[in-house]
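Residue numbering for the sequence shown follows my numbering, starting at 54 and increasing by one per position.
Note that beta-carbon positions come from the ideal geometry of N, C-alpha and C, so glycine has one too.
Worksheet: one structure, shown below.
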Amino acid sequence: MVCINKIRRCLTVAIVTFVFITTNNLNATQPAQPAIASPHPLATQAGYLILEQGGNAFDAAVAVSAALSVVEPYSSGLGGGAFFLLHREQDKHQTFIDAREKAPNAATAEMYQDSSGMVIPKATLVGPLASGIPGLPAGLVHLSKKYGTLPLEKSLAPAIELAEKGFPVFERLITALNVAQESRGSFSQKFREVFTSNNNLLEVGQLIKQPELANTLRLIASQGHKGFYDSEFTKTMVQEAKKDG
């Protein structure tokens, strides 16, 4: 799957257990039901499913994040990056995971400047030069292995199912695709295979399936980092970027 604006990707996922306490009533109840906040209900459902299967909040975060990479490729794609702020209640451990994408080793400041040294408008935002080395796959593997309790295969299962069986196109996705079309003017063949039908962008309600993304998620689930960074998927990403210039 080809993601839009691979650089500038930031995933925002909140996995929170709300505890309500009032100082006016020492006998007030303290509900312990988990609450998951995400930009898409299917991603939220993925998190709850993992909790129901015995996973902890970190497993649920992996599930939500991976599901968002399927349903929200324009802002949470697997080809981007993420931040994770964690709190482990049992030992009060807090940590921050930086899984943002990085610039390629060959990138230089001059690549984004014209002959007079001025920054080329949107050169770091749109097009192949805006592509970064994805950090989200590594972040998901690290989060699962170091802080989760379930196998990565189980935490990624909801996202794999979403990618394989598909989900209905929604208005926000169409808006993002239209914006991308206006800014780029044209899309790669891989992009068109996923997001268009008869050379037209998909419409709200149409089912969108992403079998290649499902296969990539399976590789990550079974092989960890290597399942992404040493895969045919990343080779295709590089080839597509080269085609675009």
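Across the structure, R225 and L254 are spaced so that their CA atoms are roughly 13 Å apart.
A check of alpha carbon separations from D112 across P174, A210 and N268 identifies A210 as the nearest.
Per DSSP, reduced to three states, the secondary structure at I173 is coil, with no helix or strand assignment.
Of the residues T177, A229, G201 and D151, the one whose Cα lies closest to the Cα of G107 is G201. Just measuring C-alpha positions, the residue of F136, G280, I261 and A216 sitting nearest A99 is A216. Excluding residues up to 5 positions away in sequence, nothing lies with its Cβ nearer than 8 Å to the Cβ of K199 in the same chain. Under the three-state reduction of DSSP output, Q166 falls in the strand class. For Q147, the enclosing beta strand (DSSP E) begins and ends at H146 to A152.
Between L131 and A156, the alpha-carbon positions lie close to 16 Å from each other.
Three or more beta-carbon pairs separated by less than 8 Å are not found between the segment 86-100 and the segment 172-184, which leaves the two stretches without contact.
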